[in-house]
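Under the UniProt record's numbering, the first residue of the sequence shown is numbered 1, with each subsequent residue one higher. What follows is a set of notes on a single structure, which appears directly below.
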Amino acid sequence: MPFIVVSGLSGSGKSTVLRTLEDAGFFTTDNLPPELWGAMHDLATARGLERVAISTDARTRDFLGALESSHERLTRRREDLRVLFLEATADVLLRRYNLTRREHPLGDTLLVDFARERELLAPLRSIADTVIDTTDLSASELSERVLKLYRLERDFHLRLVSFGFKHSPPRDADMVLDVRSLPNPYYDPALRPRTGLEKDVADYVFQNEDAERFYAGLREFIRNAAERAQASGRHGYTVGIGCTGGQHRSVAVTERLAADLKDLNVEVGDHRDMQLEAS
């Protein structure tokens, strides 16, 4: 796995690239002077970190005099050292800055800053293995370009959480779904103290064709929502499954969904209110 140095013009997408690499399992460090590249490499190696990405740009301008020697030393130690440089046209950089209202690190008028920055970072651009012009790229398109460039896979997790509406829905859910229309084991005295983790309780919840149709529609709706989230560049999607108390129906549905949607890398985050109700 390469040791990656990310550089480029301010506003060209360096933060997007670093977030993408971090989500892909890289240890990332922003704004690292070239003289510290070797130290970062040694520290990462000592800690057993195989995926490392660092960023160096105009903010380290006082230290760029050591760029050539630092690059040569690290190249001798890492044959898989890769340098990625990002750029974009001045008008696009100006538009991005106007949207974010950020201050350029060189602190002059923006168009003057962009020109000075190009000149300042020319040595970094000259050692780059890859230069990406982000002028016409969205953040998600840039992210996909980087993943393909380094042959990385985007990890995606579908997180399922069961809960009871009477205890309020989870605040971190991307989507909350209501399964209170399913048969309720609470009204069976033998099942009331038990939970949706048990087969008899789950069988009660899915006892008829109407319940099965409802579940099938729910499952496909969640699949579609999760796949669209993944396609848009999301790395995770959380769905809250709620019944009244969070002990029977929501638990049974969540467990069945986890089995049926396992190709979406499902994790059951929590049966949040199950123990609360059982107690």
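C-beta: ideal position from N, C-alpha, C; glycine also.
Contact belief for V253 with V179 at Cβ below 8 Å, rounded distance in angstroms: 5 Å
Residue of L43, T20, E117 and M274 minimising C-alpha distance to K166: M274
Sub-7 Å separation of W37 and S12 beta-carbons: no
Rounded Cβ spacing between V161 and R272 (contact assumed at less than 8 Å): 6 Å
From R125, L149, E117 and E153, residue whose alpha carbon lies closest to that of H235: E153
Y204 versus R256 - alpha carbon distance: 13 Å
Sheet register partners of E267 (DSSP bridge): R159
Collapsed DSSP secondary structure at R51 in the structure displayed: coil
Three-state secondary structure assigned by DSSP to M40: helix
Inter-stretch contact at 8 Å, needing at least 3 Cβ pairs: the stretch 132 to 151 / the stretch 194 to 204: no
Proximal residues to R194 (C-beta, below 6 Å), its chain only, five neighbours per side dropped: V201
Rounded straight-line distance, which links the Cα of R219 to that of A90: 47 Å
Paired residues, beta bridge with V17 - DSSP: The partner list for V17 (beta bridge, DSSP) is empty, contrary to what the question assumes.
Selected residue, minimal CA-CA separation from G240, among S168, D210, Y186 and E209: S168
Alpha-carbon spacing of Q207 relative to I132, whole angstroms: 57 Å
As assigned by DSSP and simplified to three states, the class of H237: It is worth fixing the name first, because residue 237 is Tyr in this sequence and not His. Correct three-state label for Y237: strand.
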